[in-house]
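Comments concern the structure below.
2 protein chains.
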Amino acid sequence: MAEKQSAKSRRGRPRQAEVARLAGVSQTTVSLVLGGNKQGVALHPDTCARVLAAARELGYVPDPAARRLAAARNNLLGVFSFTATFPTAVEHSYYPFLVGVEQEAARHGYDLVLFTGSSSGGAQAASPGALERVRLADGCLFLGRHIPAGELRRLVEHGYPAVHIGRRDELDNLAWVGADYVEASAEVVRHLAALGHRRMILVREDDDAPASTDRERGFREALADAGLADAAAVVRAADPAAEITADWLRGRCAEGVTAFVAEETDTGAAWRALLAAVEGAGLHAPSDVSLALLGSPPADLADRPRPTGFDIPRTELGAAAVRALTALLTTGETESPLVSCAFRPGSTAGAAPTR
Amino acid sequence: MAEKQSAKSRRGRPRQAEVARLAGVSQTTVSLVLGGNKQGVALHPDTCARVLAAARELGYVPDPAARRLAAARNNLLGVFSFTATFPTAVEHSYYPFLVGVEQEAARHGYDLVLFTGSSSGGAQAASPGALERVRLADGCLFLGRHIPAGELRRLVEHGYPAVHIGRRDELDNLAWVGADYVEASAEVVRHLAALGHRRMILVREDDDAPASTDRERGFREALADAGLADAAAVVRAADPAAEITADWLRGRCAEGVTAFVAEETDTGAAWRALLAAVEGAGLHAPSDVSLALLGSPPADLADRPRPTGFDIPRTELGAAAVRALTALLTTGETESPLVSCAFRPGSTAGAAPTR
DNA sequence: CCTCCGAACTAATACGCATTAGTTCGCCGT
DNA sequence: ACGGCGAACTAATGCGTATTAGTTCGGAGG
Chain G
1 MAEKQSAKSR
11 RGRPRQAEVA
21 RLAGVSQTTV
31 SLVLGGNKQG
41 VALHPDTCAR
51 VLAAARELGY
61 VPDPAARRLA
71 AARNNLLGVF
81 SFTATFPTAV
91 EHSYYPFLVG
101 VEQEAARHGY
111 DLVLFTGSSS
121 GGAQAASPGA
131 LERVRLADGC
141 LFLGRHIPAG
151 ELRRLVEHGY
161 PAVHIGRRDE
171 LDNLAWVGAD
181 YVEASAEVVR
191 HLAALGHRRM
201 ILVREDDDAP
211 ASTDRERGFR
221 EALADAGLAD
231 AAAVVRAADP
241 AAEITADWLR
251 GRCAEGVTAF
261 VAEETDTGAA
271 WRALLAAVEG
281 AGLHAPSDVS
291 LALLGSPPAD
301 LADRPRPTGF
311 DIPRTELGAA
321 AVRALTALLT
331 TGETESPLVS
341 CAFRPGSTAG
351 AAPTR
Chain P
1 MAEKQSAKSR
11 RGRPRQAEVA
21 RLAGVSQTTV
31 SLVLGGNKQG
41 VALHPDTCAR
51 VLAAARELGY
61 VPDPAARRLA
71 AARNNLLGVF
81 SFTATFPTAV
91 EHSYYPFLVG
101 VEQEAARHGY
111 DLVLFTGSSS
121 GGAQAASPGA
131 LERVRLADGC
141 LFLGRHIPAG
151 ELRRLVEHGY
161 PAVHIGRRDE
171 LDNLAWVGAD
181 YVEASAEVVR
191 HLAALGHRRM
201 ILVREDDDAP
211 ASTDRERGFR
221 EALADAGLAD
231 AAAVVRAADP
241 AAEITADWLR
251 GRCAEGVTAF
261 VAEETDTGAA
271 WRALLAAVEG
281 AGLHAPSDVS
291 LALLGSPPAD
301 LADRPRPTGF
311 DIPRTELGAA
321 AVRALTALLT
331 TGETESPLVS
341 CAFRPGSTAG
351 AAPTR
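Chains G and P are the protein sequences, given in the same order.
Residue numbers 1 to 355, in the UniProt record's numbering, belong to the letters of the first sequence in order.
Residue numbers 1 to 355, in the UniProt record's numbering, belong to the letters of the second sequence in order.
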């Protein structure tokens, strides 16, 4: 009765050889039938039917590792994030991206492998080779800005299909998908200009992430296009809460500024500071001043009036990333598309007060 | 100049054989050295050093597919939910489970494969055999109550390691992890009893899911233990909004009922109805009547005062499910643990009014 | 001097699948 | 009656690694 390893070690997971035995054919035939017989070997329809029936009866599913090793593909797409994909704190979760990734992957017939990169509690998160695990999948999506560039570069240079969610120009040849912050920000500015605002200020944090500089560029360009170039003012605030005060706001208003624009950040600090300053100054938006947010408000401010601004299409970005990856896999073409953000009218911007 | 496949097909990614050649040893030795030599083969320190040096020089990284193939396990855990796609809302109850699953899986060195009912290449979600695809993973977690029992049984009977999140006794041999609703509900009742409440009513929906019957059992048992057995009353409401009205509430209060307990459901209908009835009756909790909720409030009522009751430890449940699954995989032992819920004092229950 | 032993390695094989180069068999043509 | 040919399959091999069963060699023991 002592069964062979075939039943024990693999827990009854059937392989092609077992399907073959049941169908009375060779393992080769099973592989051909189930693989779609792309090599054009002549196969009798009856045989195919028997193989298919046997595979179904045994519940056969190909082993992804073996497939991969045999230089074929898995139909698996990887998702790797250097922080937990499902963080305990929901504020900056990758979940919306994942929704789009999942939908688009399903549409293309791929399953998703979530590489539990450096989730708290995992093994050495930064251990060299941590990224190599993704090679089990046909290709991989990366998200988060803390992905070790060295390892990623290695993968890409070895021809591994990878797509980063979020612009990432430092690495040549790395495909990415990003949101078009430039255009989206410009649109917000045009909206404000159309409402009659002639002087406006952008409050941004003091770093040089692409997401920030792109917003500033859109802001400046739109103002220039509207003939208001000299009216542009950008404030870089390392500590918005301390710098964007009610007094500061009153000062700017006195100078003729009628609209204030904040960039979205992880914490929403700039936007919070603006809201607090307006309230502290005893003003009201949009009647006294107009406010706009270049992005989405933090979750805890959801009950506030919706800020005028734009929404980052996270779900669509996830889907676009999958499309870029499948393009890489099938045609080998590297594409790095910009996805448009959706303008959000909101209720914090109104007509500029007539002086 | 025609290079051998060694340089072309793999684009220079070195394998053990190349490391071996450089170090002047065999591939076996390389595998032993790099694998930590757990089998205790005698190896000369100098040899190890040479191998290590060669590996470093070539930038050798093991191929995960080959590694997993040779190990006859691929360190993949499946997560299957029968919803068509991922729920879009982050607040969805599904999310906290994933948090725990991801953390615990990472801790055990597993990666996750995400399956959804419709991932089969966009084919019919409910097509027979939809569940078979999970065999790609070493084992699988199931969540959602709409998982087809027949297919699941098939998997389990074939010895496939599966763990269901949520109690599921209908299937013999199916491991599950569940929340201890009986004890948690009993604790809430004890809390109310300690506050002086002598008559209380449980409002539940009209179905027989384990989650509902367990809560009722805890409710009844705690009352019996407190010597208030005859004071127990359970209302099954098919349409809580229509049945739990202000008039109804006044009627019960007139009969001496001082506390109302609702069970948590998907929609939170029972709890909503109770809140509305209390308000409609011009009463206030906890001063006039005490309220308790056997579970967590729906997300949109988060700003309301926190209901007295308990929280389902979803994250911990996800982690427990992973532990149960790894136990199944390594020792083959089926365990189905109950996880304790955390009592939530809240602010909707107070001392019973002295009559 | 031959044997035996342990140290230090290596040859061979399995893992599950895909692919290439056959092999077998029935039948047609001359 | 025999070569040939296509239809229908299968044997053999490779992918890169882990593991098991050897093999070689120098020296100690009898």
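Note that CB positions come from ideal geometry on N, CA and C, so glycine has one too.
It should be emphasised that the depicted structure is a prediction, and the values quoted were computed from it without experimental measurement.
Task: Nearest-angstrom Cβ-Cβ length linking Ala222 of chain G and Val189 of chain G, presumed shorter than 8 angstroms - done: Reading the first sequence from its first residue, position 222 is the one you call residue 222 of chain G. Reading the first sequence from its first residue, position 189 is the one you call residue 189 of chain G. Right, the Cβ-Cβ distance comes to about 4 angstroms (below 8 angstroms), so this counts as a contact.
Open item on the list: Looking only at its chain, what residues have a beta carbon closer than 6 angstroms to the beta carbon of Cys140 of chain P, apart from the 5 residues adjacent to it on each side?
Closed with: Numbered from 1 along the second sequence, position 140 holds the residue referred to as residue 140 of chain P. Cβ within range, chain order: Gly78, Phe80, Val134 and Ala162.
Task: Per-residue contacts from Thr350 of chain G into chain P (C-beta, under 8 angstroms) - done: As a first step, residue 350 of chain G is located in the first sequence; it is residue number 350 there, counting from the start. Here residue 350 of chain G is Gly; the residue named in the question, Thr, does not match the sequence. Near Gly350 of chain G there are no residues of chain P at all, since even the closest Cβ is about 27 angstroms away, more than 8 angstroms.
Task: Paired residues, beta bridge with His164 of chain G - DSSP - done: Walking along the first sequence from the start, residue 164 of chain G turns up at place 164. In DSSP, His164 of chain G forms a bridge with G:Phe142 and G:Trp176.
Open item on the list: Considering Cα atoms alone, identify which of G:Leu112, G:Gly24 and G:Thr348 is closest to Thr47 of chain G.
Closed with: Residue 47 of chain G sits at position 47 when you count from the first residue of the first sequence. Scanning G:Leu112, G:Gly24 and G:Thr348 for the CA closest to the CA of Thr47 of chain G turns up G:Gly24.
TODO: Step through the CB atoms of chain P and report whether any lies within less than 8 angstroms of the CB of Leu69 of chain G.
DONE: In the first sequence, residue 69 of chain G corresponds to position 69, counting from 1. At least one beta carbon of chain P lies nearer than 8 angstroms to the beta carbon of Leu69 of chain G.
- [ ] Please state if the CB of Arg220 of chain P and the CB of Ala257 of chain P are separated by a distance shorter than 8 angstroms.
- [x] Locating residue 257 of chain P in the second sequence gives position 257, counting from the first residue. Locating residue 220 of chain P in the second sequence gives position 220, counting from the first residue. First, the amino acid is wrong: residue 257 of chain P is Val here, not Ala. No. Outside cutoff.
Open item on the list: Tell me the DSSP secondary structure of Thr334 of chain G in three-state form.
Closed with: Sequence index remark: in the first sequence, residue 334 of chain G carries index 334 (1-based). If DSSP states are grouped into helix, strand and coil, Thr334 of chain G belongs with coil.
Open item on the list: Taking the beta strand (DSSP E) that Thr116 of chain P belongs to, which residues open and close that run?
Closed with: The residue given as residue 116 of chain P occupies position 116 in the second sequence. In the DSSP assignment, Thr116 of chain P falls within the beta strand (DSSP E) that extends over Asp111 to Thr116.
Task: Alpha carbon of Leu76 of chain G to alpha carbon of Asp138 of chain P, nearest angstrom - done: Taking the first sequence and counting its residues from 1, one reaches residue 76 of chain G at position 76. Taking the second sequence and counting its residues from 1, one reaches residue 138 of chain P at position 138. Rounded to whole angstroms, Leu76 of chain G and Asp138 of chain P show a C-alpha spacing of 15 angstroms.
Task: Glu102 of chain G (DSSP reduced to helix, strand or coil) - done: Position 102 of the first sequence holds residue 102 of chain G. Three-state result, Glu102 of chain G: helix.
- [ ] Using a threshold of 8 angstroms, state whether the C-beta atoms of Leu131 of chain G and Leu152 of chain G are closer than that.
- [x] Here residue 131 of chain G refers to the residue found at position 131 when the first sequence is read from its first residue. Here residue 152 of chain G refers to the residue found at position 152 when the first sequence is read from its first residue. Going by C-beta atoms, Leu131 of chain G is nearer than 8 angstroms to Leu152 of chain G.
- [ ] Kindly confirm or deny that the segment 35-42 of chain G and the segment 31-42 of chain P touch, where touching means at least three C-beta pairs closer than 8 angstroms.
- [x] Contact fails: fewer than three Cβ-Cβ distances are below 8 angstroms.
Open item on the list: What does the alpha-carbon distance come out to for the pair Val113 of chain G and Phe97 of chain P?
Closed with: As a working mapping, residue 113 of chain G is identified with position 113 in the first sequence. As a working mapping, residue 97 of chain P is identified with position 97 in the second sequence. Rounded to whole angstroms, Val113 of chain G and Phe97 of chain P show a C-alpha spacing of 17 angstroms.
Open item on the list: With DSSP as the reference, identify every bridge partner of Gly309 of chain P, one or two as the case may be.
Closed with: The residue labelled residue 309 of chain P in the question sits at position 309 within the second sequence. According to DSSP, Gly309 of chain P bridges with P:Leu293 and P:Arg344.
- [ ] Could you tell me which chain G residues have their CB closer than 9 angstroms to the CB of Gly346 of chain P, listed as they occur along the chain?
- [x] Taking the first residue of the second sequence as position 1, residue 346 of chain P is located at position 346. Going along chain G, no residue has its Cβ under 9 angstroms from Gly346 of chain P, so there is no contact; the nearest lies around 20 angstroms.
TODO: Report buried or exposed for Asn74 of chain P, applying the criterion of at least 16 other Cβ atoms within 10 angstroms of its Cβ.
DONE: As a working note, residue 74 of chain P is residue 74 in the second sequence. Around the Cβ of Asn74 of chain P, a 10 Å sphere holds 16 or more other Cβ atoms; the residue is buried.
Open item on the list: Tell me which residues share the same chain as Pro327 of chain P and place their Cβ nearer than 7 angstroms to its Cβ, disregarding the 5 neighbours each side in the sequence.
Closed with: Here residue 327 of chain P is taken as the residue at index 327 of the second sequence, counted from 1. In the sequence as presented, Pro is not what sits at residue 327 of chain P; that position holds Ala. Here the set comprises Glu333 and Glu335.
TODO: Give me the Cα-Cα distance between Val177 of chain P and Val51 of chain G, rounded to the nearest whole angstrom.
DONE: In the second sequence, the residue the question calls residue 177 of chain P occupies position 177. In the first sequence, the residue the question calls residue 51 of chain G occupies position 51. Cα to Cα, the separation comes out at about 38 angstroms.
TODO: Identify every residue that forms a DSSP beta bridge with Leu77 of chain G.
DONE: In the first sequence, the residue the question calls residue 77 of chain G occupies position 77. Leu77 of chain G is bridged to G:Leu112 and G:Gly139.
- [ ] Kindly indicate the opening and closing residues of the alpha helix (DSSP H) around Ala276 of chain P.
- [x] If you number the second sequence from 1, residue 276 of chain P lands on position 276. Per DSSP, Ala276 of chain P belongs to the alpha helix (DSSP H) from Ala269 to Gly280.
Task: Residues near Asp311 of chain G by beta carbon distance below 7 angstroms, same chain, minus five either side - done: Along the first sequence, one-based indexing puts residue 311 of chain G at 311. Here the set comprises Ser296, Cys341, Ala342 and Arg344.
- [ ] At 4 residues or longer, and completely inside the UniProt domain "HTH lacI-type" (14-71) of chain P: list those alpha helix (DSSP H) runs for me, N to C.
- [x] Runs of the alpha helix (DSSP H) inside the UniProt domain "HTH lacI-type" (14-71) of chain P: 16-23, 27-34, 45-58 and 64-71.
Task: Own chain, CB closer than 6 angstroms to Pro286 of chain G, minus 5 neighbours either side, in chain order - done: Taking the first sequence and counting its residues from 1, one reaches residue 286 of chain G at position 286. Apart from sequence neighbours up to five positions away, the residues of its chain that approach Pro286 of chain G with a beta-carbon distance below 6 angstroms are Thr348, Ala349 and Gly350, ordered along the chain.
Open item on the list: If distances are taken between C-alpha atoms only, which option among P:Cys253, P:His158, P:Ala72 and P:Ser185 comes closest to Ser290 of chain P?
Closed with: Within the second sequence, residue 290 of chain P is the residue found at index 290, counting from 1. Nearest C-alpha to Ser290 of chain P: P:Cys253.
Open item on the list: I want to know whether the segment 315-325 of chain G touches the segment 268-285 of chain G - three or more CB-CB distances under 8 angstroms.
Closed with: Counting Cβ pairs under 8 angstroms, fewer than three are found: no touch.
TODO: Can you give me the start and stop residues for the beta strand (DSSP E) that Val261 of chain P sits inside?
DONE: Start at 1 with the first residue of the second sequence, and residue 261 of chain P comes out as number 261. Unbroken beta strand (DSSP E) run through Val261 of chain P: Ala259 to Glu263.
Open item on the list: In the DSSP output, which residue or residues are listed as bridge partners for Ile201 of chain P?
Closed with: As a working note, residue 201 of chain P is residue 201 in the second sequence. Paired residue(s): P:Ala233 and P:Phe260.
Task: Cβ pair Gly218 of chain G, Val182 of chain G closer than 8 angstroms - done: Numbered from its first residue, the first sequence carries residue 218 of chain G at position 218. Numbered from its first residue, the first sequence carries residue 182 of chain G at position 182. Yes, they are a contact pair.
Open item on the list: Helix, strand or coil for Ala123 of chain P? Go by DSSP, reduced to three states.
Closed with: Walking along the second sequence from the start, residue 123 of chain P turns up at place 123. Low confidence applies here, because Ala123 of chain P scores a pLDDT of 38, under 50, leaving its location unreliable and the question unanswered by this model.
Open item on the list: Please report whether the beta-carbon of Pro64 of chain P lies at a distance below 8 angstroms from any beta-carbon of chain G.
Closed with: Counting from 1 along the second sequence, the entry for residue 64 of chain P is found at position 64. Pro64 of chain P counts as touching chain G.
Task: Residues of its chain near Leu22 of chain P, where Cβ-Cβ distance is below 8 angstroms and the 5 sequence neighbours each way are ignored - done: Taking the second sequence and counting its residues from 1, the one referred to as residue 22 of chain P is at position 22. Cβ within range, chain order: Ala54, Glu57 and Leu58.
Task: Beta-bridge pairing of Val339 of chain G - partner residues as DSSP gives them - done: Reading the first sequence from its first residue, position 339 is the one you call residue 339 of chain G. Looking at the DSSP assignment, Val339 of chain G forms a beta bridge with G:Ala179.
Open item on the list: Rounded to the nearest angstrom, what separates Gln16 of chain G and Ala65 of chain G at their Cα positions?
Closed with: Taking the first residue of the first sequence as 1, we reach residue 16 of chain G at position 16. Taking the first residue of the first sequence as 1, we reach residue 65 of chain G at position 65. Distance between the alpha carbons of Gln16 of chain G and Ala65 of chain G: 14 angstroms.
Open item on the list: At the 8 angstroms Cβ level, is Arg133 of chain P part of the contact set with chain G, yes or no?
Closed with: For the purposes of this step, residue 133 of chain P is identified with residue 133 of the second sequence, where counting begins at 1. Closer than 8 angstroms to the CB of Arg133 of chain P there is at least one CB belonging to chain G.
Open item on the list: Nearest by alpha-carbon distance to Thr308 of chain P: which of P:Glu187, P:Ala233 and P:Leu69 is it?
Closed with: Position 308 of the second sequence, counted from the first residue, corresponds to residue 308 of chain P. For Thr308 of chain P, the nearest C-alpha among the options comes from P:Glu187.
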